[in-house]
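Student: For reference, the structure I am asking about is given below.
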Amino acid sequence: MKLSLGPIQYYWPVETVQAFYKQARDWPVDIVYLGEVVCSKRRELRLLDWLEIADKLEAAGKEVVLSTLALMEAESELITLQKICENGDFKVEANDMAAVHLINSRPFVAGPHLNLYNASSLELIRENGAVRWVMPLELSARTLGELQAGRPEGLETEVFAYGHMPLSFSARCFTARAHNVPKDQCELRCIDYPDGMPLQTQEDQELFTINGIQLQSGLPSNLLGEIESLRQLQVDVLRLSPQAEGMQQIVAAFDGALKGEQNDAMTALMAADTKWCNGYWHGEAGMLNVNAVLK
Amino acid sequence: MESVKRHMDLVCPAGSLPALKAAVDHGADAVYLGFRNATNARNFPGLNFDVDEIQQGMAYARDHRVRVMLALNTFPQPGHWPEWTRAVDEAADLGVDAVIMADPGLMRYAARQHPELRLHLSVQGSATNRHSIAFYHDEFRIKQVVLPRVLSLSQVRQVIDSSPVDVEVFGFGSLCIMVEGRCILSSYVTGESPNTCGVCSPAQAVRWEETPRGRQSRLNGVLIDRYRHNEAAGYPTLCKGRFRVGGEVFYAMEEPTSLNTLDILPELMKLGVAAIKVEGRQRSPAYVAQVTQVMRAALDACYQDPDNYQLQAEWVASLDKVSEGQSHTLGALHRPWQ
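Residue numbers (my numbering), protein chains in the order written: chain S, 200 to 494; chain Y, 9 to 346.
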């Protein structure tokens, strides 16, 4: 199995993004997804800046994929999408059928938001040029097993294996709402929350994470304890979603698990006092942490 | 405003045979309904139709020249695939006027097996722009698209101006603030979502508690809201709860309210909207009757004289009575910005 770094879901200053990927050149990840996937108002980096980072990562031996927005409404967003789809150098991850339409049968990655829930959908995107698909977040190991049995030839499977899961997108900005400002005067407040804003119940349960127009899970999904079942299901790529703190350790933990080692990073990630979830993988509510036994 | 006349279909919800009749009797141009199973996104207990009931409903609707559309708008998984393809086959056999679908794999099946079947892209298909609509049109020859409730009026105009198919928008009902089809908050907390099971915040996961601090609603154990005495309590949908963010407790996503487009019907008509959809297959026949009647009156007034269209106070009062939270909003439609 290969490891990938998913797209950065948060809004980080350009220097932070550049420093992050400079480090990532030396990390044991095979694939890096780059680009803005949440909000088109986030313009710390332009396409040329992303392409510059992409070239350096490629030179360091990484496969680079340019990721795209999951919600596109404005014409300006479609123009940017078209530029990305026609970049000519790097594969694109489609997170909306608009991208599939513009990619026009060139090889691409079908992202987690395309809603591919069955074999017929997989055949459809394979026919349209997909060479890899990312499983929808809410599917279980059991369902993945059934999908893998009928997977079209030439289509790799990627699973979201660590990080705060993107659960929904809206026309509203919840970060702006939390600051009591309208979305058109948001002042890009989300740049102050490099790992999002925690949203808790009135009983202090970590429920969601606010990230601009996106809501994420309150707990990170963690499939480190599921490596054997992922392998048995012939998953090709494990996606690790970037976070501001501790990313290197997360990568080290998964790298260790794939090599069959036991290292400190793995122990830390699985420690009893850290909060994470794996419910979806076990066919349960996503927020639950189910003992790592494949049903 | 210059007057542009275009008939806009009034598309009304039918969660049961009595609701279907209420919609037909009060002026719907079309009704939409679903089978009594997980093949549609309103798979609630006590709702929906079997084949016999659909036939009865279709006979009643046809007698009144009202069209019947069938919603097959969930995302089938491998173990249950035959149940969904059977539903498509049954829809074709029944001769419904259109099937409203979201799953690309199932649309592929329908387009291949039943090329004569008219396909509409459900709001659950998450198509918010012209390229996405073009994809579904090229692949499956869809004839109409229902837009998610996240677009502003000017964005609706852009979509209509460049769409190869007719455009339907939501005109009244509960307000989904997330892009439909791309929201799995419900399965994160309960294991069931609109995409997988046709439900959002499923009833069996809801618990009400009376406590000294007031009434509380829970969803699979998670506290969604706490109400003061005499405060109206709404259904505990996750996006409508009160939560703590940065030390404050408030409606962190959305206050309970309904979408109501009565104010802007002439604008929608001028943009070339083909159909106005009323939400609420889970609501009572009385709700369907009341909303259909008001929307019919408003659409007729708008069509007869769009330049002098005036909102009637009794329409607004009548709709606010059946609204969630007893208030209304234009939702994303009023946004002047992106």
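Even glycine gets a Cβ: it sits at the ideal position worked out from N, Cα and C.
Model, not experiment: these values are computed from the prediction.
Near W92/Y, what residues of its chain come up, given a Cβ to Cβ distance below 6 Å and the 5 sequence neighbours on each side ignored?
Tutor: Closer than 6 Å at the Cβ level, and outside the excluded window around W92/Y, lie T47, P84 and L114.
Student: Just how far apart, CA to CA, sit W76/Y and A30/Y?
Tutor: At residue 76/Y the sequence reads Val, which differs from the Trp that was named. Distance between the alpha carbons of V76/Y and A30/Y is about 14 Å.
Student: Can the beta-carbon of T198/Y be found less than 8 Å from the beta-carbon of A211/Y?
Tutor: Taking 8 Å as the Cβ cut-off, T198/Y and A211/Y do not qualify as a contacting pair.
Student: By a C-beta neighbour count over all protein chains shown, 10 Å radius and 16 as the cutoff for buried, is G260/S buried or exposed?
Tutor: Flag for G260/S reads exposed.
Student: Counting only C-beta atoms, is E402/S closer than 8 Å to chain Y at any point?
Tutor: True, the Cβ-Cβ gap to chain Y drops below 8 Å.
Student: Could you check the C-alpha separation between V299/Y and C20/Y for me, to the nearest Å?
Tutor: Distance between the alpha carbons of V299/Y and C20/Y is about 9 Å.
Student: Please check the pair G189/Y and N303/S, which I expect to be a contact at CB under 8 Å, by giving their CB distance rounded to whole angstroms.
Tutor: G189/Y to N303/S, Cβ: 23 Å. No contact.
Student: Once you ignore the five residues that flank V253/Y on each side, which residues in its own chain have a CB closer than 6 Å to its CB?
Tutor: Once the five neighbours on either side are set aside, the close Cβ partners of V253/Y are A260.
Student: Using 8 Å as the threshold, is the C-beta distance between I449/S and L437/S below it?
Tutor: It is not a contact, given that the beta carbons lie outside the stated cut-off.
Student: Return the chain-ordered list of same chain residues with a C-beta closer than 7 Å to the C-beta of G179/Y, the five sequence neighbours on each side being excluded.
Tutor: Taken in chain order, the residues that qualify are T269, I284, K285, V286 and M303.
Student: Leaving out the 5 sequence neighbours to the left and right, which residues in its chain are closer than 7 Å to I185/Y when beta-carbon positions are compared?
Tutor: Closer than 7 Å at the Cβ level, and outside the excluded window around I185/Y, lie C247, M261 and E262.
Student: Please confirm whether R126/Y and D105/Y have their CB atoms less than 8 Å apart.
Tutor: The answer is yes: Cβ separation under 8 Å.
Student: Let me know the alpha helix (DSSP H) ranges lying completely inside the region 51-113 of chain Y, each 4 residues or longer, listed in chain order.
Tutor: Counting only runs of 4 or more, we get 59-71 and 89-102.
Student: Let me know the secondary structure DSSP gives S11/Y once reduced to three states.
Tutor: Its pLDDT being 49, under 50, S11/Y is placed unreliably in this model, and the coordinates cannot settle the point.
Student: For H139/Y, go through chain S and note every residue whose CB falls closer than 7 Å to its CB, in chain order.
Tutor: Within chain S, the residues near H139/Y are L277, A297, H300 and L301.
Student: Verify the CB distance criterion: does Q208/S have a CB-CB separation below 8 Å to chain Y?
Tutor: Not closer than 8 Å to any Cβ of chain Y, the Cβ of Q208/S fails to qualify, so no.
Student: Between the region 167-198 of chain Y and chain S, which residues of the former have a C-beta closer than 7 Å to a C-beta of the latter?
Tutor: Taking 7 Å as the Cβ-Cβ cut-off against chain S, the residues of the region 167-198 of chain Y that qualify are I185, M186, V187, G189, R190, C191, I192, L193, S195, Y196, V197 and T198.
Student: Suppose contacts are defined by Cβ-Cβ distances below 8 Å. Is A309/S in contact with G349/S by that definition?
Tutor: No, these two residues do not count as a Cβ contact at 8 Å.
Student: Taking the C-alpha atoms as reference points, what is the distance between S162/Y and L341/Y?
Tutor: Distance between the alpha carbons of S162/Y and L341/Y: 8 Å.
Student: For A470/S, count the other beta carbons within 10 Å of its own beta carbon; 16 or more makes it buried, fewer makes it exposed. Which is it?
Tutor: Exposed.
Student: Is it true that the CB of A269/S sits closer than 8 Å to the CB of H312/S?
Tutor: The answer is yes: Cβ separation under 8 Å.
Student: Quick one: Cα of I390/S to Cα of E444/S, how far?
Tutor: Approximately 15 Å, taken between the alpha carbons.
Student: Run through DSSP, which three-state label would I324/S get?
Tutor: I324/S: helix per DSSP, three-state reduction.
Student: Give a yes or no on whether 8 Å exceeds the smallest Cβ distance from L468/S to chain Y.
Tutor: It does not; no Cβ of chain Y falls within 8 Å.
Student: For A95/Y and Q121/Y, what's the separation of their Cα atoms in angstroms?
Tutor: For A95/Y and Q121/Y, the distance between alpha carbons rounds to 12 Å.
Student: Whole angstroms is fine: what's the gap from D72/Y's alpha carbon to V32/Y's?
Tutor: The question names Asp, but residue 72/Y in the sequence shown is His. When rounded, the distance between both Cα atoms is 7 Å.
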